[in-house]
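Okay, so here's the structure we're looking at.
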Amino acid sequence: MSVTIETPRAPGVRRSRRFNVEKWGWIYMRASGVVLVVLIFGHLFVNLVAGQGVKAIDFAFVGGKLSQPFWQIWDTLLLWLALIHGANGMRTIVNDYASNRLLRVIFKGALIASAVVLLVLGTLVIYTFDPCPAGASPADLASFCPVK
Amino acid sequence: MSNAVLENRPNVPEEIPTFTATLIIRRFDPEVDQEPRWEDFDVVMQGTDRVLDALHKIKWEQDASLSFRRSCAHGVCGSDAMRINGRNRLACKTLLKDLDLSKPIYVEAIKGLPLEKDLIVNMDPFFESFKEVQPFLIASSKPEKERLQSPVERARFDDTTKCILCAACTSSCPVFWTDGQYFGPAAIVNAHRFIFDSRDEGAEIRLDILNDKEGVWRCRTTFNCTEACPRGIQVTQAIAEVKAAVLRGKP
């Protein structure tokens, strides 16, 4: 009589379910993509179409927007989601097309460095922006600035 | 009655229309050539002929050194996948009359696998990744009677059972061309065939194998594979279904 092996050639141990960068990167691209569609088109509509349209954009317009918490959060989300989305997209392209090990390390290092610098700088600008700088001509400033 | 028909028949047999097709073939002889070179051939063909017939005619009548693979010559064995005018096709399923005959037809080996000679590539890496997804039924029950399956359960993976392992999809994938480690569409299609089979119990093992850095996440959804498949398998859709199954952790 022959012996029946329950599961021939099945791997003995399942691989551990560690954090999978590729899987979460893929999920992030889809999730952030959906949110970015709303954020980007909202941004474009408010800046370029609504009200007086593109002519409205000047220092006072930007100053006015960045002094409201709503637009601060909107722009922060836009900045972080879009930059990480773009950097992750570049990372996958480097993974696909840079076959040289050293080059790959350099490219990815440069990507991370530039993404971090831009994120920090951008976030700083959004939250420390002074819409009413001292010594500026009142005509250039937003209407809520105190007249000196 | 039948006599009348016979009398009306012309005495001379009807001439079958022919045309001249120009094929430019990417040749490579590892014993002579450093680099592949393009060589052109003119062949007189008929409207019912396929690219494979033209290759046969060249090999049998003009240059016997031309090397290519083919077995059944009827689109079942999957031996003669090649790049015809820049697209991966089976030479035995591509009619010459469907190509633009005013221009030469470019024929070369499929990309991304090591070129051995003329139109022949080394298929070992392709079959290695096929083997890695464990493309066989994994079931713990002893086969004492048949394992029943409803038509609906069978239809779930019907599309991916059609694969003939010709490598047209995998060698059309730009990620496969440059990456060198990616499983490739064909391996994922054959994993799909068992992952969604209700009789199979190894889905989680296969999903784990494909939830790898070089697994399904490498797919960039360029649809080259779907376009290339000579069996009409919706390859990109199958890969997307495996991605969704990996996220769920079960089929």
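Here the protein sequences come in this chain order: R and Y.
Note that numbering that gives the first Met the number 0 numbers the first sequence so that position 55 is 54, with each residue one more than the last.
Note that numbering that gives the first Met the number 0 numbers the second sequence so that position 100 is 99, with each residue one more than the last.
The beta-carbon is built from N, C-alpha and C at its ideal position, and this holds for glycine as well.
Taking 9 Å as the CB-CB cut-off, is residue i touching chain Y?
i, result
"LYS107 of chain R", "no"
"ASN99 of chain R", "no"
"LEU140 of chain R", "no"
"ILE56 of chain R", "no"
"GLY85 of chain R", "no"
"TRP70 of chain R", "no"
"GLY32 of chain R", "no"
"ASP95 of chain R", "yes"
"ILE26 of chain R", "yes"
"VAL20 of chain R", "yes"
"THR91 of chain R", "yes"
If you draw a straight line from the C-alpha of residue i to the C-alpha of residue j, how long is it?
i, j, result
"ARG219 of chain Y", "LEU209 of chain Y", "15 Å"
"GLY111 of chain Y", "GLY183 of chain Y", "11 Å"
"THR19 of chain Y", "SER197 of chain Y", "52 Å"
"GLN71 of chain R", "LEU206 of chain Y", "42 Å"
"THR47 of chain Y", "PHE106 of chain R", "53 Å"
"VAL75 of chain Y", "ILE163 of chain Y", "7 Å"
"LEU76 of chain R", "ALA141 of chain R", "24 Å"
"LYS96 of chain Y", "VAL36 of chain R", "46 Å"
"GLU13 of chain Y", "GLN45 of chain Y", "14 Å"
"LEU114 of chain Y", "SER113 of chain R", "40 Å"
"LEU43 of chain R", "GLN51 of chain R", "13 Å"
"ALA59 of chain R", "VAL119 of chain R", "24 Å"
"LYS41 of chain R", "LEU89 of chain Y", "For the record, residue 41 of chain R in the displayed sequence is Gly; it is not Lys. Computed Cα separation, rounded: 49 Å."
"ALA138 of chain R", "LEU47 of chain R", "22 Å"
"VAL11 of chain Y", "ILE238 of chain Y", "57 Å"
"ILE39 of chain R", "LYS56 of chain Y", "59 Å"
"ASP79 of chain Y", "LEU65 of chain Y", "14 Å"
"PHE135 of chain Y", "PRO142 of chain Y", "15 Å"
"GLN133 of chain Y", "LEU100 of chain Y", "43 Å"
"VAL234 of chain Y", "PHE175 of chain Y", "15 Å"
Is it buried or exposed for residue i, if we count other Cβ within 10 angstroms and need 16 for buried?
i, result
"ASN94 of chain R", "buried"
"PRO68 of chain R", "exposed"
"HIS191 of chain Y", "buried"
"PHE67 of chain Y", "buried"
"ASN189 of chain Y", "buried"
"CYS71 of chain Y", "exposed"
"MET0 of chain R", "Because MET0 of chain R sits at a pLDDT of 47, beneath the cut-off of 50, its placement in the model cannot be relied upon, and the point is left open."
"GLY179 of chain Y", "exposed"
"GLY77 of chain Y", "buried"
"ARG230 of chain Y", "buried"
"TYR126 of chain R", "exposed"
"ALA154 of chain Y", "exposed"
"PHE18 of chain R", "exposed"
Is there at least one non-hydrogen atom of the ligand HEM closer than 8 Å to the beta-carbon of residue i?
i, result
"ALA185 of chain Y", "As for the ligand HEM, it is missing from this structure, which has no ligand bound."
Please say whether residue j and residue i have beta carbons closer to each other than 9 Å?
i, j, result
"TRP216 of chain Y", "TRP25 of chain R", "yes"
"PHE128 of chain R", "LEU65 of chain R", "yes"
"PRO130 of chain R", "GLY63 of chain R", "yes"
"VAL241 of chain Y", "ILE194 of chain Y", "yes"
"GLN236 of chain Y", "ASP158 of chain Y", "yes"
"GLY201 of chain Y", "VAL245 of chain Y", "no"
"ARG82 of chain Y", "GLU107 of chain Y", "yes"
"ALA186 of chain Y", "ALA227 of chain Y", "no"
"PHE125 of chain Y", "THR169 of chain Y", "yes"
"TYR27 of chain R", "ASN99 of chain R", "no"
"ARG25 of chain Y", "LEU118 of chain Y", "yes"
"THR21 of chain Y", "ASP52 of chain Y", "no"
"LYS116 of chain Y", "PRO29 of chain Y", "yes"
"ASP16 of chain Y", "PHE27 of chain Y", "It should be noted that the sequence gives Pro, not Asp, for residue 16 of chain Y. Cβ distance not < 9 Å, so PRO16 of chain Y and PHE27 of chain Y don't count as in contact."
"LYS144 of chain Y", "ILE232 of chain Y", "no"
"ILE137 of chain Y", "ASP199 of chain Y", "yes"
"SER149 of chain Y", "ARG86 of chain Y", "no"
"LEU78 of chain R", "GLY121 of chain R", "yes"
"ILE109 of chain Y", "ASN84 of chain Y", "no"
"HIS84 of chain R", "SER136 of chain R", "no"
"LYS212 of chain Y", "VAL20 of chain R", "yes"
Are any of the Cβ atoms in chain R nearer than 9 Å to that of residue i?
i, result
"ASN223 of chain Y", "no"
"ASP178 of chain Y", "yes"
"GLN121 of chain Y", "Here the sequence assigns Asn to residue 121 of chain Y, which means Gln is not the residue at that position. No, ASN121 of chain Y does not count as interfacial toward chain R."
"LEU246 of chain Y", "yes"
"ARG198 of chain Y", "no"
"TRP37 of chain Y", "no"
"LYS212 of chain Y", "yes"
"LYS242 of chain Y", "yes"
"ARG217 of chain Y", "yes"
On the DSSP bridge assignment, give the partners of residue i in chain order.
i, result
"ILE26 of chain R", "ILE26 of chain R is not bridged to any residue."
"ASN87 of chain Y", "Y:ARG82"
"LYS116 of chain Y", "Y:ILE119"
"TRP73 of chain R", "Looking at the DSSP assignment, TRP73 of chain R forms no beta bridge with any residue, so it has no partner."
"MET44 of chain Y", "Y:PHE18"
"ASP39 of chain Y", "Y:ILE23"
"TYR105 of chain Y", "Y:ILE23"
**OP:** Name, going along the chain, the residues of the region 164-192 of chain Y whose beta-carbon falls closer than 8 Å to a beta-carbon of chain A.
**Re:** Any reference to chain A falls outside this structure, whose protein chains are R and Y.
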